[in-house]
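Enquirer:
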Amino acid sequence: MTRLLSMLLSSLLLLQSLHLSVTDLVQLDELLEHATYHQQEFGDSFLTFLDKHYGSQKADHDRNHQEEKQDHEQLPFQQLPNQVLSHTHFFIGQRFFLDTPQQWKESQSHQYHYLLQTSGIFTPGVFQPPRHA
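Taking my numbering, the leading residue of the sequence shown gets 65, the next gets one more, and so forth.
Printed below as a string of structure tokens:
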């Protein structure tokens, strides 16, 4: 049962990432019916049919065959993908303290030195941290 649920959710995620909906899958029979109509009436191959309805010949085909407009609206993959973009703004209330120039100088004047503490296990070699900052 877990495998079935995970496969269904994975396929749903795949369909949504490709901007496909369930209505597109249901309308695939309309696509096949309209393709057979084009093959019988115009002698088009399936690739020519796809080019006329989804490719470079789409504008010409829509202009020249207004009588098929109802059939063209029933074809799948005609809708544009909707992309929703939302911005979430949140602010964290904090007090900001501005340092005075004197405090800034004091914080910059500290010098930190690294003191190497060696033990018998580690011998000094090439890869050592800097000794003075």
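The beta-carbon is built from N, C-alpha and C at its ideal position, and this holds for glycine as well.
Please give me, in chain order, every unbroken run of the alpha helix (DSSP H) with length at least 4 that falls completely inside the stretch 72 to 105.
Expert: Whole alpha helix (DSSP H) segments, 4+ residues: 86 to 90.
Enquirer: When we look at the beta-carbon of Lys133 and count the other beta-carbons within 10 Å, is it buried (16 or more) or exposed?
Expert: Counting Cβ neighbours within 10 Å, Lys133 comes out exposed, since fewer than 16 surround it.
Enquirer: Find the nearest neighbour of Glu94 within the set Pro140, Thr152 and Gly119, judged by alpha-carbon distance.
Expert: Taking only the C-alpha atoms, the option nearest Glu94 is Pro140.
Enquirer: Do we get a CB-CB distance below 8 Å when we pair Gln142 with the residues of chain C?
Expert: Absent here is chain C; the protein component of the structure consists of one chain.
Enquirer: Whole angstroms are fine: how far does the CA of Phe113 sit from the CA of Gln104?
Expert: Gln104 and Phe113: Cα-Cα distance of roughly 12 Å.
Enquirer: Look at Asp124 and His136 and say whether their C-beta atoms are less than 8 Å apart.
Expert: No, Cβ-Cβ distance for Asp124 and His136 is not below 8 Å.
Enquirer: Does DSSP classify Gln258 as helix, strand or coil?
Expert: The question about residue 258 has no answer here: the residues shown for the chain are numbered 65 through 197.
Enquirer: Rounding to the nearest angstrom, what Cα-Cα distance links Ser109 and Lys122 in this structure?
Expert: Taking the straight line joining both Cα atoms gives about 15 Å.
Enquirer: What number of angstroms, rounded off, separates the C-alpha of Leu73 from the C-alpha of Gln91?
Expert: Rounded to the nearest angstrom, the two C-alpha atoms are 21 Å apart.
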